[in-house]
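In the working numbering, the protein residues as written are 3 to 501.
From the three backbone atoms N, C-alpha and C, an ideal C-beta is built for every residue, glycine too.
Pasting the structure below:
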């Protein structure tokens, strides 16, 4: 199914056969590195790139999960004031352990961390609007993870994945490519809300030193990619980070705000305080499995868990396909190797994130940046996980990489994933229309789940209209109908009195 995009960049790069003895030989055999056409160097480099592309979560997750106190007046971590350091440490711990588990057990270049979107739902819907405590909200995350794990162990989640037509999986990969490119452009401040829904920079112009950092980093990456240089994406990140550190030291821009629109995005590229400190893990164990049932009722809990589960369920499916396709690891049916193991680790991640008090951990599409650097095995994911564990102690150094630098990787990988669009049969409207809606709705609705749902529902409607209802896989019926419910979940919750 995949277009083998990375082969375009590495076709002239020799693959060095690893030594059959010693540590390198052991790693090669365990992770099938040579068998997948990679090298230990590429895997390590890919792991570093994925980490830098994902490291923004160490800053953004604490910002979201410390937005306000709960109904008991407590912040996350049983504190009377926001404790961003503890949330950052917990986020790094969960990301590190689960990414290493994915690498060792599933041998797949797919890292995990607290999921964007899900953390916002925890903060602004469960705690903010529904008035649950932070512990009760995290308890719902644990329930969601346990239910998904059961669906995996019974084979249901994998069966749903395999029931999806191959070209729809390709459309999911392409849509995610556009989505992460948009995420990169927004995070870098190159695209912002304005007089139109989105516009270039500030009032239609690129302004400020951070924009220059992004542009320089992006063009360094592009030039190196075109010249088939190894490490293009990582070099682009490091180049723009160094430039950002220099600019900040001279100009002292500070963070972006309404009063400082040309400031830095999620982090300021300067070292603050000591570079090493012991992690605060006070968020671990901050969850309550049963408190929400008595507060808002069983039906409301079920609806909230369902909405969390559906978003988590299909985001991972799309991400798994996208990474497998980009790495050239999908079989003739569009399925990655060790699908069951991948889904089990991801499902455990949801429950583990809730138990650690840092929201559901899920598979990260930013792993595609590491694949773009040549990663093909779980060794890259182990490297990423190890770096997350180290980041618990070196948080100030992680914050040196501004979002303007990390976002260059997202845009570059968006191009790589977009090239797969030629694998879709655009001359067949019954395939092309659902594929188009899948691709379009991901960036336009700013949601991978919405894009997949739009594709599934439109595919079902078209097949029925063509008189092919009997050929539709039963699971596609079930999933499409669940997506219809997902799309009207807000009005349904209002009808049932769930705010």
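Can you check DSSP and say which residues form a bridge with residue 364?
Per DSSP, the beta-bridge partners of residue 364 are 115.
Output yes or no for whether 8 angstroms exceeds the beta carbon distance between residue 213 and residue 197.
no
Could you pull out every unbroken alpha helix (DSSP H) segment of at least 4 residues lying fully inside the stretch 184-242, listed in chain order?
211-228
Measure the C-alpha to C-alpha separation of residue 490 and residue 452 and round it to an integer number of angstroms.
12 angstroms
Quick one: Cα of residue 170 to Cα of residue 60, how far?
33 angstroms
Using only CA atoms, which one of 232, 215, 224, 270 lies nearest to residue 245?
215
So residue 186 and residue 409 are supposed to be a Cβ contact under 8 angstroms. How far apart are they, rounded?
4 angstroms
Through-space distance from residue 389 to residue 53, alpha-carbon basis
Spanning the two alpha carbons is a distance of roughly 7 angstroms.
Please tell me whether, using a cut-off of 7 angstroms, the distance from the CB of residue 364 to the nearest non-hydrogen atom of the ligand FAD is below it.
This structure lacks the ligand FAD, and indeed carries no ligand of any kind.
Minimum C-alpha distance to residue 205 - residue among 263, 343, 167
With distances taken between Cα atoms, residue 205 lies closest to 263.
How would you write the range of the alpha helix (DSSP H) that residue 339 sits in, first residue to last?
For residue 339, there is no enclosing alpha helix (DSSP H), as DSSP marks it with neither H nor E.
Cβ neighbour criterion (16 or more within 10 Å) applied to residue 57:
buried
Taking the C-alpha atoms as reference points, what is the distance between residue 188 and residue 200?
Residue 188 and residue 200: Cα-Cα distance of roughly 9 angstroms.
Under 6 angstroms Cβ to Cβ from residue 165, same chain only, skipping five residues before and after it: list those, please.
475, 477, 478
Can you tell me whether residue 81 is helix, strand or coil according to DSSP?
strand
Mapping DSSP to helix, strand and coil, what is residue 486?
helix
Helix or strand or just coil, what does DSSP make of residue 271?
coil
Could you check where the alpha helix (DSSP H) with residue 63 kicks off and where it finishes?
59-67
Which two residues bound the contiguous alpha helix (DSSP H) that contains residue 107?
Where residue 107 is concerned, there is no enclosing alpha helix (DSSP H), given that its DSSP letter is neither H nor E.
Would DSSP call residue 476 helix, strand or coil?
helix
Note down, in chain order, each residue of its chain lying with its Cβ closer than 8 angstroms to the Cβ of residue 83, except the 5 sequence neighbours on either side.
77
At 4 residues or longer, what runs of the alpha helix (DSSP H) sit wholly inside the stretch 378-443?
Runs found: 380-393, 397-400, 405-420.
Kindly identify the DSSP beta-bridge partner or partners of residue 257.
266
Can you tell me whether DSSP reads residue 375 as helix, strand or coil?
Residue state, collapsed to three classes: coil.
Can you give me the C-alpha to C-alpha distance between residue 294 and residue 353, rounded to a whole angstrom?
16 angstroms
Which same chain residues, not among the five before or five after residue 461, have their C-beta less than 7 angstroms away from its C-beta?
170, 436
Could you give the first and the last residue of the continuous alpha helix (DSSP H) run that contains residue 461?
450-467
When you compare the CB positions of residue 89 and residue 79, do they come within less than 8 angstroms of one another, or not?
yes
Go ahead and pull the three-state DSSP assignment for residue 70.
In the structure shown, residue 70 falls within a coil segment according to DSSP collapsed to helix, strand and coil.
What is the DSSP secondary structure of residue 493, counted as helix, strand or coil?
helix
Near residue 379, what residues of its chain come up, given a Cβ to Cβ distance below 7 angstroms and the 5 sequence neighbours on each side ignored?
So the list reads 33, 34, 35, 38, 40, 45, 109, 111, once near-sequence residues are dropped.
Out of 116, 402, 63, 81, which one is the CA nearest neighbour of residue 363?
116
Can you confirm whether the stretch 133-148 touches the stretch 444-458 when touching is taken to mean that 3 or more C-beta pairs between the two stretches lie within less than 8 angstroms?
no
Classification of residue 360 by the beta-carbon crowding that lies within 10 angstroms, buried from 16 upward
Label assigned to residue 360: buried.
In terms of residue numbering, what span does the alpha helix (DSSP H) encompassing residue 282 cover?
Here residue 282 belongs to no alpha helix (DSSP H), and DSSP marks it neither H nor E.
Nearest-angstrom beta carbon gap, residue 349 and residue 151 [assumed within contact, 8 angstroms]:
4 angstroms
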